[in-house]
Amino acid sequence: MSEESQYSEHPGGWIEWFCAHEDHQFLSEVDEEFIRDPFNLIGIKGKFNFFNEAISMILQPTSPEDQDLEDERFLEVYQEASDIYGLLHARFIFTSKGSAIMRERFLQGKFGHCPRIYCEKQNVIPIGLCEDLKTARIKVFCPRCEEVYMPKKKCADIDGAYFGKSFPQYLLMTYPDLHPKFQLLPDTQIQVDFEPTLFGFKIAGKQGSKIKKIEQQQQYNHTITQSNISSIEQNILLQEQKQYRIQKQQQHQEQQEDHQQQSDQNKEQTHKKKNKKKHKH
Ligand SMILES: [Zn+2]
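Per the UniProt record's numbering, the sequence shown starts with residue 1, numbered consecutively.
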């Protein structure tokens, strides 16, 4: 029995059971406190029909029984509970505790490696291509070639919205030491041992050779590396600016919603007062 399927021997709560599922290997366990905090549920509640039932299902201290999984009503609530958990997960991994968990899992290669041969099995980070549910399944982002790939591991059941599209950039900004650009610094990038050969024979610097000297080649490598670093830094800066704009927009929307609620309440109160006055007359 694999390590991840031992949950039946250790009956934990719904969260532990859900994350131990074979298809859910990319998911981390979200703290119960985080789920109970109403602030973290803002903007999620309105999207679901069985919200309260789903939240109590997520917070169940025991895992579901086999007979529960045959109950239609249970499955309806379960579907919503999965998506609510996923959306909360997408927020949890942006907290200091959540990102620390994801950092460890990234370092352990739990999300797989880049399939591109030049990336030398660079560990990848989960990414969603859309923040909305049921739009795109989970993908993985390689911080070295900055490309997005289909993950190799079985995780077909995970919606990309369970991670969101800014997570890799956030993780790399929070823990800059994870960024492969630190492995590409001129001191480490230039391959001192590199000597161009043809069928095993050295060709650089020989009579009639069109290959330039190794030092020139190294200088060329150096410039390439420098330009790579500056383009990576530019990308990070752009991502930072984008995230800042998104945060501002969200704050603005929330403020507007609050104002709307307050004005609605005021209207209701004045309406009631008027009604009372009418009744008195
Ligand atoms: Zn790559």
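Note that the Cβ used here is the ideal one computed from N, Cα and C, for glycine as well.
Being a predicted model, the structure only gives us computed values, none of them experimental.
Please determine whether the Cβ atom of Q251 lies at a distance below 8 Å from any heavy atom of ligand 1. Reading the sequence shown from its first residue, position 251 is the one you call residue 251. Checking the Cβ of Q251 against ligand 1 gives no.
Please go through the same chain and pick out, in chain order, the residues whose beta-carbon is closer than 6 Å to the beta-carbon of E215, but skip the five residues on each side of it. Working through the sequence shown from its first residue, we reach residue 215 at position 215. Reliability fails at E215, whose pLDDT of 45 lies under 50, so the model's placement of it is uncertain and no value is given.
To the nearest angstrom, how far is it from the Cα of residue 307 to the Cα of F74? No answer is possible for residue 307: the residues shown for the chain start at 1 and end at 281.
Is the separation between the beta-carbon of Y85 and that of P115 shorter than 9 Å? Working through the sequence shown from its first residue, we reach residue 85 at position 85. Working through the sequence shown from its first residue, we reach residue 115 at position 115. Result no, Cβ atoms of Y85 and P115 do not sit closer than 9 Å.
Tell me the DSSP secondary structure of F94 in three-state form. For the purposes of this step, residue 94 is taken as residue 94 along the sequence shown, with counting starting at 1. Of the three classes helix, strand and coil, the one that applies to F94 here is coil, per DSSP.
Would you mind giving the Cβ-Cβ distance between L133 and D159, rounded to the nearest angstrom? I have them listed as a contact below 8 Å. Position 133 of the sequence shown, counted from the start, is the residue given in the question as residue 133. Position 159 of the sequence shown, counted from the start, is the residue given in the question as residue 159. About 6 Å separates the two Cβ atoms, so the contact holds.
Neighbourhood of Y175 by C-beta, 6 Å cutoff - its chain only, sequence neighbours within 5 removed: The count along the sequence shown starts at 1 and reaches residue 175 at position 175. Excluding sequence neighbours, Y175 sits near R103.
With DSSP collapsed to three states, give me the class of F141. Taking the sequence shown and counting its residues from 1, one reaches residue 141 at position 141. F141: strand per DSSP, three-state reduction.
Sufficient close CB pairs (3 or more, under 8 Å) joining the segment 35–45 to the segment 117–124: The segment 35–45 is not in contact with the segment 117–124.
Let me check you understand the geometry: is the CB of C130 closer than 8 Å to at least one non-hydrogen atom of ligand 1? Taking the sequence shown and counting its residues from 1, one reaches residue 130 at position 130. Taking the Cβ of C130 as the reference point, every heavy atom of ligand 1 lies at 8 Å or farther away.
Buried or exposed by the 16-neighbour rule on C-beta atoms within 10 Å, applied to Y244: Position 244 of the sequence shown, counted from the first residue, corresponds to residue 244. So Y244 counts as exposed.
Taking the beta carbon of N266 as the centre, do at least 16 other beta carbons fall within 10 Å, making it buried, or is it exposed? On the sequence shown, position 266 is the one that residue 266 refers to. Result: exposed.
Within this structure, are the beta carbons of A81 and I55 separated by less than 9 Å? Taking the first residue of the sequence shown as 1, we reach residue 81 at position 81. Taking the first residue of the sequence shown as 1, we reach residue 55 at position 55. Against a cut-off of 9 Å, the Cβ pair of I55 and A81 comes out as a contact.
CB of K242 within 9 Å of CB of S166, strictly: On the sequence shown, residue 242 is found 242 positions in, with the first residue counted as 1. On the sequence shown, residue 166 is found 166 positions in, with the first residue counted as 1. A Cβ-Cβ contact shorter than 9 Å links K242 with S166.
Can you give me the C-alpha to C-alpha distance between H113 and G98, rounded to a whole angstrom? If you number the sequence shown from 1, residue 113 lands on position 113. If you number the sequence shown from 1, residue 98 lands on position 98. In a straight line, the C-alpha of H113 is about 21 Å away from that of G98.
Unbroken alpha helix (DSSP H) runs of length 4 or more, entirely within the segment 39–71: which are they? Listed in chain order, the complete alpha helix (DSSP H) runs (minimum 4 residues) inside the segment 39–71 are 51–58.
List the endpoints of the continuous alpha helix (DSSP H) containing P168. Locating residue 168 in the sequence shown gives position 168, counting from the first residue. 167–174 is the extent of the alpha helix (DSSP H) around P168.
Of the residues Q67, C145, Y162, the one placed nearest K181, counting alpha carbons only: Here residue 181 refers to the residue found at position 181 when the sequence shown is read from its first residue. Taking only the C-alpha atoms, the option nearest K181 is C145.
Under the three-state DSSP convention, the category H21 falls into: Numbered from its first residue, the sequence shown carries residue 21 at position 21. Coil.
Quick check on DSSP: helix, strand or coil for V124? To locate residue 124, count along the sequence shown from 1; it is residue 124. Assignment of V124 by DSSP, reduced to helix, strand and coil, places it in the coil class.
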